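Please read the structure below before turning to the comments.
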Amino acid sequence: MNLIDLKIFACVARQPSLGAAAQELHLTPSAVSKALRRLEGDLDTVLFDRSAKQLNLNASGQRMLEFARNMLAMAEQARADMGGEQASFSCRVAGPAILLWRHASQLASAMATYSAADLHMSSMYEEDALAALARGEANAALVTAEVLDGRAAYWSPEWQSLPLGELNLQLLAGLQHPLVLSALEQGAGTQAGALQVSSGQVLAHDFVSPTRSLFCGKQRGKRSDGWRDDQLPRKIAYWMDDLQLLLSMLKSGKALAYLPDFALADTELVRLEVVDCGFSCSEEVHLVWNARTAAQWQLELVAALKDQSSKA
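The C-terminal residue of the sequence shown carries number 628 in this note's numbering, and the numbering is unbroken.
As structure tokens, this is what we get:
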């Protein structure tokens, strides 16, 4: 039994077909099939129920999958720990695109000590990110406190979480939006870097919004972006689940959007403060990792992130 065969087995167990696994592994289906047969021979156990078009894990395969994930994690941990700061490894972080966008620079800075390492960020909704962590496909997941409070189906008692800070949602507009142009022409003042407007002014304009929550991916319609339409009902003229497409519409000046405040790092956007708005929306962001299988580099990464957060 070797690690390569275990890696192939774990991939096949995750993918919908042998062909899909072969494509991910950059191998031929024949090579993947031989590796599975070799592993079954080493174990003297059949791991899959085979049909003409599909491979399905049987009870022995399900049990072996847990062993395989643990062995692969331990091998990766040993390789990284023995290599020290010169170790070559991949830090794999999964989470919603909007959270990866916010914390990519922070993660990169925390990993700077390891010159031979690389950072892989996979965009997926929160529960999918936790599922990837459970399967050993991610070293850490970025999620909001709401998911932690609900303790998603994939939660493990071996996991720990580190709060990385609060994400506040703000009403944003592009520089070419009529509200911004009008306010600038009239010499309107700013409060804490925001243009002050009334709810009446805001609700006279179109909004762009995702149909699904940018964090958990649930279909919530008008409530997807956190704006309280029960208090200030607006006209959503554009629905876009792709974050970059949504930002493009926002920058064009055709619509307003309710997005996390860090989007203001983009100089083409302006924050609008609605002076008679009675609500606000914020999310606390957490990094989740498996404390039992964490390599030394990962513990040091968490310590660096914790230090950064305490100084912020």
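Positions of the beta carbon are idealized from the N, C-alpha and C atoms, including for glycine.
Just so we're clear, the structure is a prediction, and the values are computed from it rather than from any experiment.
- For Gln512, the enclosing beta strand (DSSP E) stretches over residues 510-513.
- Between Leu500 and Thr583, the alpha-carbon positions lie close to 16 Å from each other.
- Here the alpha carbons of Asp541 and Ser529 stand approximately 6 Å from one another.
- Between Glu453 and Ala520, the alpha-carbon positions lie close to 46 Å from each other.
- In the structure shown, Ser333 falls within a coil segment according to DSSP collapsed to helix, strand and coil.
- In summary, Phe383 is exposed, with fewer than 16 beta-carbon neighbours lying within 10 Å of its beta-carbon over all protein chains present.
- From the listed residues Asp577, Ala461, Trp417, the smallest Cα separation to Met440 is found for Trp417.
- Ranked by how close their Cα comes to the Cα of Glu462, the residues Arg408, Pro549, Leu483, Pro473 have Leu483 in first place.
- The C-beta of Gly335 has fewer than 16 other C-beta atoms within 10 Å across all chains shown, which makes the residue exposed.
- Here His342 is exposed. Its C-beta has fewer than 16 other C-beta atoms within 10 Å.
- In this structure, the beta-carbon distance from Ala410 to Ser431 does not fall below 8 Å.
- Taking the Cβ atoms as the reference, Leu449 lies roughly 7 Å from Asn606, within the contact range of under 8 Å.
- Collapsing the DSSP output to three states places Leu485 in a strand.
- For Leu621, same chain residues with a beta-carbon under 8 Å away, outside a window of 5 residues either side, are Gln422, Leu423, Ala426, Leu478, Leu480, Leu603 in chain order.
- Within the same chain, Cβ atoms closer than 6 Å to the Cβ of Ala573 are found at Leu488, Val524, Leu566, the five residues on either side in sequence being excluded.
- Counting C-beta atoms within 10 angstroms of its own C-beta, Ala447 has 16 or more neighbours from the protein chains shown and is therefore classed as buried.
- DSSP places Asp577 in the helix class (H, G or I) of the three-state scheme.
- Inter-residue distance for Leu491 and Ser598 is about 24 Å (C-alpha atoms, whole angstroms).
- In terms of Cα proximity to Asn318, the closest of Leu575, Ala433, Leu359, Leu561 is Leu359.
- The Cβ neighbour count for Asn455, taken over all protein chains shown within 10 Å, is at least 16; the residue is labelled buried.
- Counting C-beta atoms within 10 angstroms of its own C-beta, Met380 has 16 or more neighbours from the protein chains shown and is therefore classed as buried.
- Straight-line spacing of the CA atoms in Ala469 and Arg550 works out to 35 Å.
- Looking from the CA of Val601, the closest CA among Arg408, Pro412, Ser568 belongs to Pro412.
- Taking 8 Å as the upper bound for CB-CB distance, Leu588 and Leu511 are in contact here, some 5 Å apart.
- Straight through space, the alpha carbons of Gly569 and Ile552 are spaced by roughly 14 Å.
- Under the three-state reduction of DSSP, Pro345 is assigned to helix.
- Burial state of His419 is buried, judged by a 10 Å Cβ sphere holding 16 or more other Cβ atoms.
- Per DSSP, Ala456 is one residue of the beta strand (DSSP E) stretching across 456-460.
- Ala620: member of the alpha helix (DSSP H) spanning 612-627, first to last residue.
- Residue ranges of uninterrupted alpha helix (DSSP H) with 4 or more members, entirely inside the segment 489-574 and ordered along the chain, are 494-501, 515-519, 559-567.
- Judged by DSSP in its simplified three-state form, Arg408 adopts strand.
- Excluding sequence positions up to five before and after Leu548, its CB lies within less than 7 Å of the CB of Ser515, Leu519, Cys593, all in the same chain and listed in chain order.
- Bridge pairing for Arg354: absent [DSSP].
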